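>
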Amino acid sequence: MSFEKATGYISKLQLNSTEEIEINQNDIVVFVGPNNSGKSQSLKDIYTLSSKKMPTIVISDIMINKTPGSLSPLLKSVSSGSDQGKYTNYSLLGRGLNYFEYSDESFFNDTYYGEFRDLFVANLDTAARLTICNPPNNINRNESKQHPIHYAAFDSKHRKWLSSNFKKAFGVEVTPNTHYGATIPLCIGEPVNLNAEYEDEQQRSEAFATILDTYIQVQKQGDGIKSFTGILLYLMLDHYCTYLIDEPESFLHPPQARIMGQIIGDTLRNNQQAFISTHSEDFIKGLLEVCPQRIKIVRITRAADTNSFSILSNDRFAEVWNDPLLKYSNIMSSLFHKSVVLCESDSDCKMYSIIDNYIKQTEGKYSESLFIHCGGKHRMAKIAFALHALKIDVRLIPDIDILDDEKVFKGIVVEYGIDWSTIQSDYNIIVSNLHSPKEKINRNDVKTTINRELDASASQELSNLEIGAIRKSISIVSKWDTLKSSGRSAIPAGAASLAFNRMEEVLRSNGIYIVPVGELEGFVKEVGGHGPDWVNKVLETYPDISNEVYTKIRHFVGGINL
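If you use the working numbering, the sequence shown corresponds to residues 254 to 815, in order.
1) Can you name the start and end residues of the beta strand (DSSP E) that H641 belongs to?
2) Give me the residue from Y611, L415, N448 and Y605 with the minimum Cα distance to T520.
3) Going by beta-carbon coordinates alone, are Y669 and N763 separated by less than 9 angstroms?
4) If you follow the beta strand (DSSP E) that H626 is in, where does it begin and where does it stop?
5) Residue range of the alpha helix (DSSP H) that F423 falls in?
6) Based on DSSP bridge pairs, tell me the residues matched to N390.
7) Pick from I676, I548, A634 and K700: whose alpha carbon is nearest that of Q278?
8) Considering only their Cβ atoms, is the gap separating V285 from L588 smaller than 9 angstroms?
9) Closer than 8 angstroms by C-beta to S290: which residues in its own chain qualify, once you throw out the five before and the five after it? Chain order, please.
10) Have a look at D568, F562 and S586 and flag the residue whose alpha-carbon is nearest the alpha-carbon of L901.
11) Applying the 10 Å Cβ sphere with the 16-neighbour rule, what's the burial state of A422?
12) To which residues does DSSP link L324 through a beta bridge?
13) Between the alpha carbons of A259 and S566, how many angstroms are there, rounded?
14) CA-CA distance, L792 and V667?
15) So K804 is in the alpha helix (DSSP H); what residue range does that whole segment cover?
16) How far does the alpha helix (DSSP H) with Q677 in it reach, from first residue to last?
17) What distance in whole Å lies between the Cβ atoms of Y487 and P401, which are believed to be in contact at a cut-off of 8 angstroms?
18) So, using beta-carbon positions, are S332 and K398 closer together than 9 angstroms?
19) Tell me the rounded alpha-carbon separation between I529 and I276.
20) Could you check whether L497 and A527 sit closer than 9 angstroms to each other, using their CB atoms as the reference points?
21) Can you tell me whether DSSP reads R555 as helix, strand or coil?
22) Measuring CB atoms only, is the region 652 to 660 touching the region 676 to 685, in the sense that at least three cross pairs come out at less than 8 angstroms?
23) Just verifying my parser: in three-state terms, what is the DSSP assignment at A527?
24) Quick one: what does DSSP say Y496 is sitting in, helix, strand or coil?
25) Rounded to the nearest angstrom, what separates R838 and N697 at their Cα positions?
26) Measuring only the C-alpha atoms, how far is A639 from G629?
27) Please list, in chain order, all residues of the same chain as D236 whose beta carbon is under 7 angstroms from its beta carbon, the five residues on each side excluded.
28) When the Cα atoms are used, what is the spatial distance from I650 to I537?
29) When the Cα atoms are used, what is the spatial distance from K473 to E396?
30) Could you name each continuous beta strand (DSSP E) segment of 3 residues or more that falls completely within the region 338 to 362, going from the start of the chain to the end?
31) Could you spell out where the alpha helix (DSSP H) holding R511 opens and where it closes?
32) Can you give me the Cβ contacts of I469 inside the same chain, cut-off strictly under 8 angstroms, excluding the 5 residues immediately before and after it?
33) Excluding the 5 residues preceding and the 5 following F504 in the sequence, name in chain order all residues of the same chain whose CB lies nearer than 6 angstroms to its CB.
34) Between the Cα of R370 and the Cα atoms of N524, C627, I317 and M585, which residue gives the shortest distance?
35) Rounded to a whole number of angstroms, what is the C-alpha to C-alpha distance between T320 and G261?
36) Tell me the DSSP secondary structure of E365 in three-state form.
Okay, structure coming up:
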């Protein structure tokens, strides 16, 4: 008989779409997606299937990889056991498990974990996390531990780990109060240091208990503290091979959700895996900060009763996360929206999202689209690539001068699945026909302007106004500046205009919406300026989005069909 501990891990998920996902032993699989898409149900299905094959909803089956070994040493590591003659009874957190001579053979012949599921799989749904914080009955120090708090109460390694991680989120430590009486509550407060002289250790112990009695207890706190502590208590137990954690960010503020992501990523050993459902960008960022190479994202969407899945593997996710712009952007929020709109700047995002929200409100709906700024045109294709990898519906709104850089424009076009050769001819026609009213400098015009400014005053020094006039006379106006300020109206009639119409039709049908007035500011000419200040000024001047001044931009955003 082998005296190695039996271990195992989930190596494959079979989805109700017949797709399969290969899982590594140390993967942290994160289920994301819009509301009611099947994230939490996926965890319930995995937990059910870990025991035996049963009808499920989102995950239709799993494959478990078991390594050679015996259940006996694993059971002995969590419980002292009680000899019942034909079998030995072990207690796992208050639940009895019976080990027979034939248990090992039956276990390894079973495709699933069977009755030993809870020895390998920790199911951390919300209810489990909240109730696990209730004080367990006190036990003798050498008794089998019936509860995670027993481990913290009678083992300094577990106690220090629990307290230090609790402090990361709440700024104060936690101590198991073994002197409380019949139960062992977790007390919140600074570690007790007794510096006074005592007659004996009994008196010291009584003083210690008196101080702890004044501390608040975890189970009497809000759900945020209880949920956070509950996860810590389960993570503290290292015999689990697989953790199922449903919305770990529940009841937590964003910074605490991020800390929880960091703790989970730091704590899970290389032979432990986790399946997590989440709505929190902060939680995901916490995970990514400590173990991006272990993360596998599974995005679930749902139409009627049919689920769709898209997987971003460990390598692809690490590649996205290593890009500084993506790392510090809100791109992770896209995982929880139905569609994403990529814009060049933050001010573009603000105005277009306001218009989209207004349109949705007038239709009795709410917007489920996220607007993300790319920091300019050059990043658009890369961000679209990252989002397309998750099969997110990505629309793109570039200013019309995107046509200025063929390489950048082509990169976007190709990323959206458009064959460049299908629009290249039209693109060339447009570019070759563009012109500016002042592409060249006329020598005589410059001479006339300079002489006029010099003769206008007897002053020995030129004024700023005169300098400006002279500079203007020797400045050319790029055809691209003209196009950006005037929009498609700057495209000459005839062949170029027809070419733009054809090209625009292809682009729009694939999710690319060139700003027809050139740039955002061209939609509301009544207000001058540029960027964030312009957006604020427009909204202050025309606070009612139904005002006719917004007619053009409402029509444009409405045409994106978000």
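For glycine and all other residues, C-beta sits at the position ideal for the given N, C-alpha and C. If you're wondering where the values come from, they're calculated on a predicted model, not measured in any experiment.
Taking the definition as stated:
1) Here residue 641 is taken as the residue at index 388 of the sequence shown, counted from 1. Taken as a continuous stretch (DSSP letters only), H641 belongs to no beta strand (DSSP E), being part of the alpha helix (DSSP H) at M633 to H641.
2) Reading the sequence shown from its first residue, position 267 is the one you call residue 520. Of Y611, L415, N448 and Y605, the residue nearest in Cα terms is L415.
3) Mapped onto the sequence shown, residue 669 falls at position 416. Mapped onto the sequence shown, residue 763 falls at position 510. Against a cut-off of 9 angstroms, the Cβ pair of N763 and Y669 comes out as a contact.
4) Residue mapping note: residue 626 aligns to position 373 of the sequence shown, counting from 1. Residues S622 to H626.
5) The residue you call residue 423 lines up with position 170 of the sequence shown. Residues S409 to F423.
6) Numbered from 1 along the sequence shown, position 137 holds the residue referred to as residue 390. In DSSP, N390 forms a bridge with T436.
7) On the sequence shown, position 25 is the one that residue 278 refers to. The residue with the shortest Cα to Cα distance from Q278 is I548.
8) Along the sequence shown, one-based indexing puts residue 588 at 335. Along the sequence shown, one-based indexing puts residue 285 at 32. Yes.
9) Counting from one through the sequence shown, the residue named residue 290 turns up at place 37. Excluding its 5 nearest sequence neighbours in each direction, S290 has C-beta neighbours in its own chain below 8 angstroms: I553, T554, R555 and N560, listed in chain order.
10) One cannot answer for residue 901 here, as it falls past the ends of the chain, which runs 254 to 815.
11) Residue numbering aside, residue 422 sits at position 169 when the sequence shown is read from its first letter. That one is buried.
12) What you label residue 324 is simply residue 71 of the sequence shown in a count that begins at 1. According to DSSP, L324 bridges with nothing at all.
13) Counted from its first residue, the sequence shown places residue 259 at position 6. Counted from its first residue, the sequence shown places residue 566 at position 313. A straight line joining the alpha-carbon of A259 with that of S566 spans about 28 angstroms.
14) Numbered from its first residue, the sequence shown carries residue 792 at position 539. Numbered from its first residue, the sequence shown carries residue 667 at position 414. So the two alpha carbons sit approximately 36 angstroms from each other.
15) The count along the sequence shown starts at 1 and reaches residue 804 at position 551. A small fix is needed here, since residue 804 is Thr in this sequence, not Lys. Element bounds for T804: T804 to G811.
16) Residue numbering aside, residue 677 sits at position 424 when the sequence shown is read from its first letter. Here the alpha helix (DSSP H) through Q677 covers S674 to N686.
17) If you number the sequence shown from 1, residue 401 lands on position 148. If you number the sequence shown from 1, residue 487 lands on position 234. Sure, about 7 angstroms apart at Cβ, within 8 angstroms.
18) Within the sequence shown, the letter at position 79 stands for residue 332. Within the sequence shown, the letter at position 145 stands for residue 398. Taking a C-beta distance under 9 angstroms as the contact criterion, S332 and K398 qualify as a contact pair.
19) As a position in the sequence shown, residue 529 is number 276, starting the count at 1. As a position in the sequence shown, residue 276 is number 23, starting the count at 1. Distance between I529 and I276, taken at the CA atoms: about 13 angstroms.
20) The residue you call residue 527 lines up with position 274 of the sequence shown. The residue you call residue 497 lines up with position 244 of the sequence shown. Yes, Cβ-Cβ distance for A527 and L497 is below 9 angstroms.
21) Counted from its first residue, the sequence shown places residue 555 at position 302. It is a strand residue.
22) They touch, by the three-pair rule.
23) What you label residue 527 is simply residue 274 of the sequence shown in a count that begins at 1. It is a strand residue.
24) One-based indexing of the sequence shown puts residue 496 at position 243. In the structure shown, Y496 sits in a strand (DSSP, three-state: E or B).
25) Lying outside 254 to 815, the shown extent of the chain, residue 838 is not represented and no answer is given.
26) Here residue 639 is taken as the residue at index 386 of the sequence shown, counted from 1. Here residue 629 is taken as the residue at index 376 of the sequence shown, counted from 1. A639 and G629: Cα-Cα distance of roughly 16 angstroms.
27) In the structure as shown, the chain starts at 254 and stops at 815, and residue 236 therefore has no counterpart that could be examined.
28) Along the sequence shown, read from residue 1 onward, the residue named residue 650 stands at position 397. Along the sequence shown, read from residue 1 onward, the residue named residue 537 stands at position 284. In this structure, the CA atom of I650 is about 27 angstroms from the CA atom of I537.
29) Here residue 473 refers to the residue found at position 220 of the sequence shown. Here residue 396 refers to the residue found at position 143 of the sequence shown. Each residue's Cα considered, the two are about 27 angstroms apart.
30) Taking only runs of at least 3 residues, the beta strand (DSSP E) segments lying wholly in the region 338 to 362 are 341 to 345 and 348 to 352.
31) Reading the sequence shown from its first residue, position 258 is the one you call residue 511. Per DSSP, the unbroken alpha helix (DSSP H) holding R511 starts and ends at P507 to T520.
32) In the sequence shown, the residue the question calls residue 469 occupies position 216. Close CB contacts of I469 within its chain, under the 8 angstroms cut and outside five residues either way in sequence, are with C440, I441 and G442 (chain order).
33) Mapped onto the sequence shown, residue 504 falls at position 251. The residues are D476, G477 and S480.
34) As a working mapping, residue 370 is identified with position 117 in the sequence shown. The shortest Cα separation from R370 among N524, C627, I317 and M585 belongs to I317.
35) Here residue 320 is taken as the residue at index 67 of the sequence shown, counted from 1. Here residue 261 is taken as the residue at index 8 of the sequence shown, counted from 1. Cα-Cα distance, rounded: 6 angstroms.
36) Here residue 365 is taken as the residue at index 112 of the sequence shown, counted from 1. A small correction: the amino acid at residue 365 is Tyr; Glu does not occupy that position in the sequence shown. The three-state secondary structure of Y365, taken from DSSP, is coil.
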